[in-house]
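Novice: In short: position in the sequence shown from 1, add 111, done, that's the working numbering.
Each residue gets a CB set at the ideal place from its N, CA and C atoms; glycine is no exception.
My structure is below; once you've seen it, I'll send some questions.
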Amino acid sequence: MSIPLRSVIVLVVGSLAISSSCYAEDTVLKTLTTFRGEFVDIRPGQDGFPSEFQMGSESGSAAERPVHQVRVTRPFQISKYEVWQDLYEAVMGNNPSRWKGPRNSAEQMTWKDAVTFCQKATELMRNHKLIAANETIRLPTEAEWEYCCRAGTQTAFSFGDQAQRPGEQAPKASLLDEYAWHTGNAAGNDPAVGVLKPNPWGLYDVHGYLREYCLDEWNKDYKAASSDAHVPAKGDKDVHSIRGGSWRDSFVELRSAARQGFRDTAVSDAVGFRCVLIAEKVDE
112 MSIPLRSVIV LVVGSLAISS SCYAEDTVLK TLTTFRGEFV DIRPGQDGFP
162 SEFQMGSESG SAAERPVHQV RVTRPFQISK YEVWQDLYEA VMGNNPSRWK
212 GPRNSAEQMT WKDAVTFCQK ATELMRNHKL IAANETIRLP TEAEWEYCCR
262 AGTQTAFSFG DQAQRPGEQA PKASLLDEYA WHTGNAAGND PAVGVLKPNP
312 WGLYDVHGYL REYCLDEWNK DYKAASSDAH VPAKGDKDVH SIRGGSWRDS
362 FVELRSAARQ GFRDTAVSDA VGFRCVLIAE KVDE
């Protein structure tokens, strides 16, 4: 029995569509599996991880004061890299970034887009059994972010107090160059995540590359700050905190304590995010 040519074409086209869909799903699973393997365990009060720290800086801007004690009471994980572009596209179905590259940090998304990414990634990773049903992917709070950036240090940067060697003039900052992309060394570079040195806890690009979204609503100072690291601040509902500085910033803005506010509807090729993975708290 012969099959009409038209039916053969329909069958072939249909087969290609199914194959393409399966390949996309396989790619998403592979990408999410890679992402899952890139989280660092943070265990406050154990294995050298402090259970509290001093947040802010008395020598920085008014936004960084007053310095206050913060308790970190819950174990969690944080991604060692900023969310990279192939990962963002696998979850969101698009890549808004200006500076394209599969392992380059994703940028030019709004704060709400970053939150949506976390929600979708949570659902996908639960469905694929990559995380437990009670585990959630989300943005870090400001306190969680600074705690992880500092990595047990109280210096201006996670590697020490100085970004420059003696005699250097801004924007040159050769000590910082080993750890961060900033306005003094970013020209002509279009890097993947994790090219430079990590901080003491194995986190890359916490200083520079992209400013990173946090959960907290923006406050101009810490006068009403919580002492609980896991509670995001309430403040201006249309503006959220960004941390870490970027390739567009001078080295002063890359300090561990430096912070800015960023409007929820805005986008920038110097703003991205990294994720926290945390188990939902069970009421006792």
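#1: Whose C-beta lies closer than 8 Å to the C-beta of Gln196 among residues of the same chain, with five residues either side of it excluded?
#2: Can you list, in chain order, the residues of its chain with a C-beta nearer than 6 Å to that of Asp288? Leave out the 5 residues immediately preceding and following it.
#3: Whose C-beta lies closer than 8 Å to the C-beta of Ala262 among residues of the same chain, with five residues either side of it excluded?
#4: Enumerate in chain order the residues of its own chain whose CB-to-CB distance from Gly171 is below 6 Å, with the five nearest sequence positions on each side excluded.
#5: What is the rounded straight-line gap between the Cα of Ala267 and the Cα of Gln273?
#6: Could you give the residue range of the alpha helix (DSSP H) that holds Ala104?
#7: Going by alpha carbons, who is nearest to Ile153 out of Ile189, Ser285, Gly383 and Arg370?
#8: Report the option in Glu136, Arg366, Arg182 and Ala340 whose CA atom is closest to the CA atom of Ala455.
#9: Tell me whether the stretch 229 to 247 and the stretch 330 to 338 touch, counting them as touching only if at least three CB pairs, one residue from each stretch, are closer than 8 Å.
#10: By alpha-carbon positions, which one of Arg176, His341 and Gly271 ends up nearest to Pro251?
#11: What residue from Arg359, Arg182 and Phe164 has the CA that sits closest to Ala298's CA?
#12: Quick one: what's got a C-beta closer than 6 Å to Leu198's C-beta in the same chain, skipping five residues either side?
#13: In the DSSP assignment, what residue or residues form a beta bridge with His351?
#14: In its own chain, which residues sit with a C-beta less than 7 Å from the C-beta of Gln165, not counting the 5 before and 5 after it?
#15: From what residue to what residue does the alpha helix (DSSP H) around Met166 run?
#16: Just the C-alpha distance for Gln157 and Ala135, rounded to the nearest angstrom, thanks.
#17: How far does the alpha helix (DSSP H) with Glu364 in it extend, from its first residue to its last?
#18: Distance check for Val226 and Lys348, CA to CA, integer angstroms please.
#19: In whole angstroms, what is the alpha-carbon distance linking His318 and Arg237?
#20: State the CB to CB distance for the pair Pro161 and Thr184, rounded to an integer number of angstroms; the pair is presumed to be in contact (CB under 8 Å).
#21: If you draw a straight line from the C-alpha of Cys386 to the C-alpha of Phe150, how long is it?
#22: Out of curiosity, what's the CA-to-CA distance linking Thr144 and Val306?
#23: Thinking C-alpha only, which one of His351, Lys191, Pro282 and Ile248 is nearest Lys308?
#24: Could you check where the alpha helix (DSSP H) with Val387 kicks off and where it finishes?
#25: Among Lys345, Ala344 and Leu321, which one has its Cα closest to the Cα of Arg354?
Specialist: In short:
#1: Taking the first residue of the sequence shown as position 1, residue 196 is located at position 85. Counting only residues of its own chain and dropping the five nearest sequence neighbours on each side, Gln196 has a CB closer than 8 Å to the CB of Asn206, Ser208, Lys211, Gly212, Pro213, Arg214, Asn215, Ser216 and Ala217.
#2: Here the question's residue 288 lines up with position 177 in the sequence shown. Asn296.
#3: Residue numbering aside, residue 262 sits at position 151 when the sequence shown is read from its first letter. Here the set comprises Ser269, Asn310, Pro311, Trp312 and Leu314.
#4: As a position in the sequence shown, residue 171 is number 60, starting the count at 1. Here the set comprises Ala368.
#5: By one-based count along the sequence shown, residue 267 stands at place 156. By one-based count along the sequence shown, residue 273 stands at place 162. If you take the alpha carbons of Ala267 and Gln273, they lie about 7 Å apart.
#6: No information on residue 104 is available, as it lies outside the stretch 112 to 395 that the chain covers here.
#7: The residue you call residue 153 lines up with position 42 of the sequence shown. Nearest to Ile153 by C-alpha distance, out of Ile189, Ser285, Gly383 and Arg370, is Ile189.
#8: The shown model of the chain, from 112 to 395, leaves out residue 455, and the question about it has no answer.
#9: The stretch 229 to 247, when compared against the stretch 330 to 338, does not touch it at the 8 Å Cβ threshold.
#10: For the purposes of this step, residue 251 is identified with residue 140 of the sequence shown, where counting begins at 1. When each option's Cα is compared against that of Pro251, the closest is His341.
#11: Residue numbering aside, residue 298 sits at position 187 when the sequence shown is read from its first letter. Among Arg359, Arg182 and Phe164, the Cα nearest to that of Ala298 is on Arg359.
#12: Walking along the sequence shown from the start, residue 198 turns up at place 87. Correct list, in chain order: Thr142 and Phe146.
#13: Position 240 of the sequence shown holds residue 351. For His351, the pairing in a beta bridge is given by DSSP as Glu328 and Phe373.
#14: Along the sequence shown, one-based indexing puts residue 165 at 54. Contacts found: Val178, Gln180 and Gln265.
#15: What you label residue 166 is simply residue 55 of the sequence shown in a count that begins at 1. No alpha helix (DSSP H) holds Met166; the beta strand (DSSP E) holding it covers Glu163 to Met166.
#16: As a working note, residue 157 is residue 46 in the sequence shown. As a working note, residue 135 is residue 24 in the sequence shown. Their Cα atoms are separated by approximately 41 Å.
#17: By 1-based counting over the sequence shown, the position of residue 364 is 253. Run containing Glu364: none; DSSP gives neither H nor E here.
#18: Here residue 348 corresponds to residue number 237 of the sequence shown, with the count starting at 1. Here residue 226 corresponds to residue number 115 of the sequence shown, with the count starting at 1. The straight-line gap from Cα to Cα measures roughly 14 Å.
#19: Within the sequence shown, numbered from 1, the residue matching residue 318 stands at position 207. Within the sequence shown, numbered from 1, the residue matching residue 237 stands at position 126. Going by the C-alpha atoms only, they are around 31 Å apart.
#20: Here residue 161 corresponds to residue number 50 of the sequence shown, with the count starting at 1. Here residue 184 corresponds to residue number 73 of the sequence shown, with the count starting at 1. Not a contact, Cβ separation roughly 11 Å.
#21: Along the sequence shown, one-based indexing puts residue 386 at 275. Along the sequence shown, one-based indexing puts residue 150 at 39. Each residue's CA atom was taken as its position, placing Cys386 and Phe150 some 9 Å apart.
#22: Taking the first residue of the sequence shown as 1, we reach residue 144 at position 33. Taking the first residue of the sequence shown as 1, we reach residue 306 at position 195. Spanning the two alpha carbons is a distance of roughly 21 Å.
#23: By 1-based counting over the sequence shown, the position of residue 308 is 197. Nearest to Lys308 by C-alpha distance, out of His351, Lys191, Pro282 and Ile248, is Lys191.
#24: As a working note, residue 387 is residue 276 in the sequence shown. Segment Val387 to Ala390 is the beta strand (DSSP E) holding Val387; no alpha helix (DSSP H) there.
#25: Stepping through the sequence shown from its first residue, residue 354 is reached at position 243. Scanning Lys345, Ala344 and Leu321 for the CA closest to the CA of Arg354 turns up Leu321.
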